[in-house]
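In mature numbering (1 follows the signal peptide of the UniProt record, and there is no 0), the protein residues as written are -21 to -1, 1 to 388.
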């Protein structure tokens, strides 16, 4: 009877340790002083206040996620300067992804959840952050920084995979070329356009006199789900598919567009990412601990039963010790919690279409068609003799206030 009481106590202890796998403090919103929150939101555009309202409560862990969402929403709202500042907040943190600090070390700990780390995004998300920052620079006529931003996106794409692979974001290569085109750097532009064409044969270099870039974004962002025995693997799923063929309308003129990027393809083909190796390490450790737990619990119970049957207290006591070891191993395995990080940037598109043409000086009105063939008015930003037109089938503002899997309220 005494042994059984001990076993019960050990079991309760082990279950308590296993609870480490439940909701943790970092997954809950921080309590922010209302005055501090009000001061932070005071100068923010009304359309964006609800999204900015998540920055302080979610803290550093979701800063990149929140500012990227804000950045593209601000760009759609015509708040170009705000978009640029928000994206800079995100990019400054993205560029520190390989920094040697305590938070990076926490990622390697077997007892810290994968989603405890500050969100930096998957390679496609990081590349798209540079894409939008570059668009904001283009809209402001800052072609030098636009070019640097698009090159930065290509670098982030290449950093995420094994060295034998190259960056394959055709849209970023094309936009790098367009930035050089706008600066009159013919050789640099030709080189970038050639790279874009190599990656996507439909992307052709623009005419030397083209001065309007048109961009159509359609569909919705990829989502993320967990797979694997311990939910340790992140698997991307496609969102709402974008339109297959896009065209722009200017008065009586129809301008066909080329598919420049399949964001879903980028999300689903980024194998060998750095974070996955850490998750694999945790899963292997947990697998071993679970094996020890099965052997320990099974063997311990067997010895206890045998000891009780033969009235052998020594055997029963030894069985209790083996059982305890098994229970503790099970608790340790549960505490590793190698779940994949399922947070994702939810106002990205599914694909991008580009077109370029020459227009006379002055304002122009451009529309694109959505998946139901309904016209969508595009926003056109003019800077000198250059202009960029941008539109999308799914509003970047039509997203939940809280990003998917960002916190557990």
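Using N, Cα and C, we set each Cβ at its ideal position, and we do this for glycine too.
- Let me know the secondary structure DSSP gives residue 166 once reduced to three states. Locating residue 166 in the chain shown gives position 187, where the first residue counts as 1. DSSP places residue 166 in the helix class (H, G or I) of the three-state scheme.
- Query: Which word fits residue 9, buried or exposed, when buried means at least 16 other C-beta atoms lie within 10 angstroms of its C-beta?
  - Reply: Locating residue 9 in the chain shown gives position 30, counting from the first residue. Looking at its Cβ environment, which holds fewer than 16 other Cβ atoms inside 10 Å, residue 9 is exposed.
- Measure how close the beta-carbons of residue 46 and residue 62 come, nearest whole angstrom, since I'm counting them as under 8 Å. Taking the first residue of the chain shown as position 1, residue 46 is located at position 67. Taking the first residue of the chain shown as position 1, residue 62 is located at position 83. The distance from the Cβ of residue 46 to that of residue 62 is about 10 Å, inconsistent with a contact at the 8 Å cut-off.
- Return the chain-ordered list of same chain residues with a C-beta closer than 8 Å to the C-beta of residue 371, the five sequence neighbours on each side being excluded. For the purposes of this step, residue 371 is identified with residue 392 of the chain shown, where counting begins at 1. A distance below 8 Å between beta-carbons, with the five flanking residues on each side excluded, links residue 371 to the following residues of its chain, in chain order: 55, 195, 196, 197, 328 and 355.
- Item | Any alpha helix (DSSP H) of 4 or more consecutive residues that is wholly inside the region 45 to 74 | Qualifying alpha helix (DSSP H) stretches, in chain order: 59 to 73.
- Message: Checking 8 Å against the spacing of the C-beta atoms, do residue 176 and residue 238 come in under that value?
- Response: As a working mapping, residue 176 is identified with position 197 in the chain shown. As a working mapping, residue 238 is identified with position 259 in the chain shown. No, the Cβ-Cβ distance between residue 176 and residue 238 is not below 8 Å.
- Excluding five sequence neighbours on each side, which residues of the same chain lie with their C-beta closer than 6 Å to the C-beta of residue 109? By one-based count along the chain shown, residue 109 stands at place 130. Beyond the five residues adjoining it in sequence on each side, residue 109 comes within less than 6 Å, by CB distance, of 128, 131 and 132 in the same chain, given in chain order.
- Message: Tell me which residues share the same chain as residue 111 and place their Cβ nearer than 8 Å to its Cβ, disregarding the 5 neighbours each side in the sequence.
- Response: Numbered from 1 along the chain shown, position 132 holds the residue referred to as residue 111. Hits under 8 Å: 47, 50, 51, 54, 62 and 66.
- Residue range of the alpha helix (DSSP H) that residue 242 falls in? The sequence position of residue 242 within the chain shown is 263, counting from 1. 242 to 247 is the span of the alpha helix (DSSP H), which, as asked, contains residue 242.
- Task: Helix, strand or coil for residue 372, going by three-state DSSP, please let me know.
- Result: On the chain shown, position 393 is the one that residue 372 refers to. Here residue 372 sits in coil by DSSP.
- Message: Does residue 229 come out as helix, strand or coil in the three-state DSSP assignment?
- Response: Sequence index remark: in the chain shown, residue 229 carries index 250 (1-based). Three-state result, residue 229: strand.
- Query: Where residue 57 and residue 228 are concerned, what is the direct C-alpha to C-alpha distance, given to the nearest angstrom?
  - Reply: In the chain shown, the residue the question calls residue 57 occupies position 78. In the chain shown, the residue the question calls residue 228 occupies position 249. Put simply, the backbone Cα of residue 57 is about 21 Å away from that of residue 228.
- Item | N- and C-terminal bounds of the beta strand (DSSP E) containing residue 185 | The count along the chain shown starts at 1 and reaches residue 185 at position 206. Premise fails: residue 185 is in no beta strand (DSSP E) and is neither H nor E.
- Query: Looking at the structure shown, is residue 346 part of a helix, part of a strand, or coil, going by DSSP?
  - Reply: Stepping through the chain shown from its first residue, residue 346 is reached at position 367. In this structure, DSSP gives residue 346 an extended state, which the three-state scheme calls strand.
- Message: Using C-beta distances below 6 Å, list every residue in its chain close to residue 233, excluding the 5 sequence neighbours before and after it, in chain order.
- Response: Numbered from its first residue, the chain shown carries residue 233 at position 254. Within the same chain, residue 233 has close Cβ partners 226.
- residue 351 by DSSP, collapsed to three states: which one? For the purposes of this step, residue 351 is taken as residue 372 along the chain shown, with counting starting at 1. In the structure shown, residue 351 sits in coil (DSSP, three-state: anything other than H, G, I, E or B).
- Message: Rounding to the nearest angstrom, what Cα-Cα distance links residue 335 and residue 353 in this structure?
- Response: Residue numbering aside, residue 335 sits at position 356 when the chain shown is read from its first letter. Residue numbering aside, residue 353 sits at position 374 when the chain shown is read from its first letter. Their backbone Cα atoms lie some 22 Å apart in a straight line.
- Query: On the premise that residue 119 lies in contact with residue 393, defined as a C-beta separation below 8 Å, what is that separation, rounded to the nearest angstrom?
  - Reply: Past the edges of the chain, shown from -21 to 388, lies residue 393, and the structure says nothing about it.
- Leaving out the 5 sequence neighbours to the left and right, which residues in its chain are closer than 7 Å to residue 168 when beta-carbon positions are compared? Position 189 of the chain shown, counting from 1, holds the residue named residue 168. If we look at residue 168 and ignore the five residues flanking it on each side, its Cβ neighbours are 156, 159 and 160.
- Task: Report yes or no: do the region 181 to 189 and the region 200 to 214 share at least 3 C-beta pairs separated by less than 8 Å?
- Result: Touching, no, given that fewer than three Cβ pairs across the two stretches are closer than 8 Å.
- Item | residue 153 to residue 13 span [Cα, whole Å] | Against the chain shown, residue 153 aligns to sequence position 174. Against the chain shown, residue 13 aligns to sequence position 34. Distance between the alpha carbons of residue 153 and residue 13 is about 45 Å.
- Message: Taking the straight line between their C-alpha atoms, what separation do you get for residue 178 and residue 18?
- Response: Taking the chain shown and counting its residues from 1, one reaches residue 178 at position 199. Taking the chain shown and counting its residues from 1, one reaches residue 18 at position 39. About 47 Å.
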